[in-house]
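Q: Have a look at this one.
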Ligand SMILES: [Zn+2]
């Protein structure tokens, strides 16, 4: 919580607000101004703690007595606490404030395509408990959801055993999501349609539930906890069974007209009738050239052509089936077929990322999700392709890097969407 993110605090507020709201005579307005100011102060503490009241006043533009009163209220909600004295410098020693990590726990759920994962964290995203289970995309929806809910039970028990409160539950899902209603509209790789995830999870847990697309939630996590806290324009590329994008533009998640923006993997880059078909029903989708399955396919073709590789030996020794982890192990041992398979997928990924860079001119593109464990082998090919094909003006400033959360990016994202809501509406937390 020590890195600073000052400039985008304001931009995180809803667009109809401004950074330094003027009080009005209307009581309802006054209450909402108060909530906005609480949110503003809480976000600065979240991003810059430890911080003094005087520093808060300077950062927010609010006067010192207003800041003191807001700080007292946030302490009543147990969202923050005092953490010691700063006696550095010549001024009067000041009491410093920081976030109270134990104000409560958050449950994060990632519905992957071939796994489900559940994590319990404190309010600053520190992992307290986690579990995952394999899932088969061909399993029926009830089976997968029942498995997920039983993991959620485990997380809730772990929280109760620690004597902590629960603040909410976030779900990251691999498809288009109606965020307002909490409904998964369509997950192509699961063939799930119109699943009322909020209703299901809130009925089971009694918690406030948020549902978000996996790549979008990962983008929120990167902005809240990760490597791009000060970055206003970045694109999160979530690569695994599918490829999704979280577009973070002008300091906000960009949702598009209906809320379904960022389905970057289904843009047709090779829309010939003979090209491989995608689970979404189209042909030639970018993700079919760059996703996990495309890498397996490349490896299998090489093995069928009797190319020399240690992959069959690794599979036999470990008695497992082909996975990204195994191909990476081979690549680590300088297996040229493994490395070439990653490089080809990286080139395909670079082509899609080039389009994104040319369209959006982001400062950074972050690669995360299950494929990012092979990031060291994908990234050089991605960067080569991007530098060859992006327009010079856009690529000059666009850096492609790996998510600091790796394959956990969306799982941590499920936590981040809950934290972000509390930072926006602090008074939803129980007062002491
Ligand atoms: Zn598709």
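Numbering (this note's numbering), first residue to last: 14 to 445.
Positions of the beta carbon are idealized from the N, C-alpha and C atoms, including for glycine.
1. Does the stretch 391-404 come close enough to the stretch 430-441 to have 3 or more Cβ pairs within less than 8 Å?
2. Would DSSP call residue 153 helix, strand or coil?
3. Just checking residue 306 against ligand 1 - is the residue's beta carbon closer than 8 Å to any of the ligand's heavy atoms?
4. Where does residue 147 fall in DSSP's three states?
5. In angstroms with no decimal places, state the Cα-to-Cα distance between residue 260 and residue 277.
6. Since residue 65 sits in a beta bridge, which residues does DSSP pair it with?
7. Excluding the five sequence neighbours on either side, which residues of its own chain have a C-beta within less than 8 Å of the C-beta of residue 439, listed in chain order?
8. Just reading off the beta strand (DSSP E) that residue 427 is part of, what are its end residues?
9. Put residue 121 into one of helix, strand or coil per three-state DSSP.
10. Please return the same chain residues whose Cβ sits closer than 6 Å to the Cβ of residue 234, not counting the five positions on each side in sequence.
11. What does residue 135 pair with, by DSSP beta-bridge criteria?
12. Please give me, in chain order, every unbroken run of the beta strand (DSSP E) with length at least 3 that falls completely inside the stretch 222-252.
13. Between which two residues does the beta strand (DSSP E) containing residue 97 stretch?
14. Given 8 Å as the limit, is there contact between the stretch 158-173 and the stretch 195-204, that is, 3 or more CB pairs closer than that?
15. Given 8 Å as the limit, tell me if residue 359 has its C-beta closer than that to any heavy atom belonging to ligand 1.
16. Indicate whether the contact test is met: 3 or more Cβ pairs, each with one atom in the stretch 378-386 and one in the stretch 245-254, closer than 8 Å.
17. Whose CA, out of 323, 359, 361, 366, lies closest to the CA of residue 347?
18. Is residue 257 helix, strand or coil when you go by DSSP?
19. Return the CA-CA distance between residue 388 and residue 415, expressed in angstroms with no decimal places.
20. For residue 125 and residue 107, I'd like the C-alpha separation in whole angstroms.
21. Taking Cβ to Cβ, would you say residue 225 is nearer than 9 Å to residue 209?
22. Roughly how many angstroms separate the alpha carbons of residue 304 and residue 417, rounded to a whole number?
23. Can you tell me the Cα-Cα spacing of residue 355 and residue 222, whole angstroms?
24. Based on DSSP bridge pairs, tell me the residues matched to residue 265.
25. Whole angstroms is fine: what's the gap from residue 82's alpha carbon to residue 70's?
26. Comparing C-alpha positions only, which one of 411, 231, 273 sits nearest to residue 419?
27. Out of curiosity, what's the CA-to-CA distance linking residue 437 and residue 321?
28. Is it the case that the CB of residue 236 approaches a heavy atom of ligand 1 more closely than 8 Å?
A: Result, derived from the coordinates:
1. no
2. coil
3. no
4. strand
5. 10 Å
6. 109
7. 48, 51, 52, 55, 87, 90, 92
8. No beta strand (DSSP E) contains residue 427, which is instead part of the alpha helix (DSSP H) from 422-437.
9. strand
10. 425, 426, 429
11. The partner list for residue 135 (beta bridge, DSSP) is empty, contrary to what the question assumes.
12. 222-226, 247-252
13. 93-99
14. no
15. no
16. yes
17. 323
18. strand
19. 7 Å
20. 47 Å
21. no
22. 20 Å
23. 37 Å
24. 262
25. 12 Å
26. 231
27. 56 Å
28. no
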